[in-house]
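Data first, discussion second: the structure below is written as structure tokens.
Residue numbers (this note's numbering): 89 to 516.
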């Protein structure tokens with residue numbers, strides 16, 4: 089009925105053409121703004137909320153050094169340390185026959201790791217040190233994303249939610265209550281980091297405070313608090329969801345599980361020795377499994393509008409005037425049947441035979457100068473985290489099926505049916 093170019097609003101066009109993706113989400117030589125209305129539900133101090141290309145570039149410059157491949161490699165000892173703490177929970181579960189929920193496991197790992205990055209190595213949330221992993225951060229992050237689209241249309245709802253105490257919101261407006269609980273934790277940690285910052289601290293907060301290239305307005309407590317919230321929420325949700333859903337597909341398919349185990353055992357036979365990211369990324373089948381996990385996990389399902397302020401863009405013969413809001417959806421590209429045969433099937437082998445062709449269309453983190461900051465961090469967690477758990481433990485799915493990983497809701501990120509985002513395992 090409709091073609092690949094559809095007008096969906098007075099000043100917004102949606103495009104469904106994977107080959108147009110690199111044109112819209114272009115690199116730094118072609119300026120792109122974000123649509124201000126689309127960002128209306130985002131706290132203004134977040135780098136993600138900067139709609140103007142130059143403003144976004146300035147904010148991002150204070151963060152980018154922390155997310156390069158070199159910087160993430162330097163953070164590997166912390167990743168391994170937190171994974172070791174997570175493994176202790178798996179060991180206890182084995183001893184007590186307790187079931188573990190993988191989203192909860194990986195969210196707690198992610199929030200500890202990111203909070204140490206943001207606030208300092210000794211200033212993280214330390215959720216993995218608790219005797220039992222809680223769902224506080226899982227519920228909080230899910231609550232934020234569930235409310236995101238609603239607040240975009242009714243911004244006053246967010247401010248109203250701040251009027252009520254957390255306990256009240258949890259009873260009468262659970263999503264608001266769970267979101268407010270983790271927001272206030274971030275606010276406390278940011279205030280503490282802001283007050284004790286020092287020249288020797290290597291955290292993101294301290295780096296921004298010391299960055300004299302940024303104007304004073306970009307280094308205020310309020311701005312840093314917003315940025316910390318963005319880093320904690322974005323850096324916790326996406327990687328943990330990919331880790332959990334990828335693990336589900338490995339455990340639910342005996343052939344895939346056995347092939348991956350064989351590759352890990354041949355290459356890294358001693359499970360007690362930590363494997364580095366550089367060693368693991370050389371493993372072709374593990375890389376294929378992770379690529380397929382990223383493709384199917386729906387990190388971002390929302391459309392992502394961009395505005396080309398300096399040039400008209402042409403798509404399928406249509407000339408789109410400069411200043412028009414144009415959006416595409418990563419989700420549609422990643423499940424395009426003309427590129428990925430049987431797009432809903434978890435099939436790692438597709439990456440072994442056609443990786444050079446398909447890699448152009450692997451866009452879970454978007455692309456361009458305003459794409460996600462954290463692909464290197466996510467890849468490192470996926471390699472190290474999945475390899476560590478699969479080498480050390482035998483896991484079985486319990487009361488978990490395809491409905492627990494099937495994405496049916498667009499909450500900016502992709503989400504399952506309410507209450508279904510649970511992947512339970514038994515440690516054997």
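C-beta: ideal position from N, C-alpha, C; glycine also.
Predicted model only: the values in this text are computed from it and were never measured.
7 Å Cβ cutoff met for residue i and residue j
i	j	result
residue 192	residue 223	yes
residue 333	residue 385	yes
residue 511	residue 502	no
residue 251	residue 269	no
residue 121	residue 395	yes
residue 378	residue 470	yes
residue 417	residue 123	no
residue 407	residue 400	yes
residue 128	residue 240	yes
residue 154	residue 354	no
residue 267	residue 228	yes
residue 339	residue 373	no
residue 92	residue 110	no
residue 387	residue 305	no
residue 513	residue 188	yes
residue 330	residue 405	no
residue 436	residue 376	yes
residue 303	residue 126	no
residue 316	residue 206	yes
residue 282	residue 309	yes
Strand pairing of residue i, partner residues [DSSP]
i	result
residue 121	395
residue 485	513
residue 195	Residue 195 is not bridged to any residue.
residue 502	498
residue 414	101 and 394
residue 93	103
residue 274	According to DSSP, residue 274 bridges with nothing at all.
Beta-carbon proximity list for residue i, same chain, < 6 Å, skipping 5 on both sides
i	result
residue 285	294 and 297
residue 299	150
residue 313	275 and 278
residue 178	481 and 515
residue 231	263, 266 and 267
residue 493	333 and 336
residue 409	400
Spatial neighbours of residue i in its chain, beta-carbon cut-off 7 Å, leaving aside the 5 residues before and after
i	result
residue 174	193, 197 and 216
residue 480	175 and 359
residue 90	none
residue 321	229 and 232
C-alpha distance - residue i paired with residue j, whole-angstrom precision
i	j	result
residue 262	residue 398	44 Å
residue 139	residue 452	21 Å
residue 94	residue 415	10 Å
residue 500	residue 226	16 Å
residue 116	residue 264	37 Å
residue 108	residue 143	25 Å
residue 113	residue 440	27 Å
residue 432	residue 475	24 Å
residue 456	residue 145	12 Å
residue 342	residue 245	47 Å
residue 210	residue 422	38 Å
residue 166	residue 160	10 Å
residue 491	residue 100	33 Å
residue 364	residue 370	10 Å
residue 361	residue 472	12 Å
residue 258	residue 508	20 Å
As assigned by DSSP and simplified to three states, the class of residue i
i	result
residue 321	helix
residue 223	coil
residue 99	coil
residue 65	Shown here, the chain extends from 89 to 516; a query on residue 65 therefore has no answer.
residue 240	helix
residue 421	helix
residue 407	strand
residue 361	coil
residue 251	coil
residue 437	helix
residue 189	strand
residue 493	coil
residue 401	strand
residue 451	coil
residue 479	helix
residue 150	coil
residue 179	helix
residue 116	coil
residue 342	helix
residue 328	helix
residue 311	helix
residue 234	helix
Check: residue i C-beta below 6 Å from any heavy atom of the ligand NAD
i	result
residue 368	With respect to the ligand NAD, the structure shown offers nothing to examine, as it has no ligands at all.
Cut-off 8 Å between Cβ atoms - residues of its own chain near residue i, not counting five sequence neighbours on either side
i	result
residue 256	265
residue 467	365, 369 and 378
residue 450	379, 382, 383 and 422
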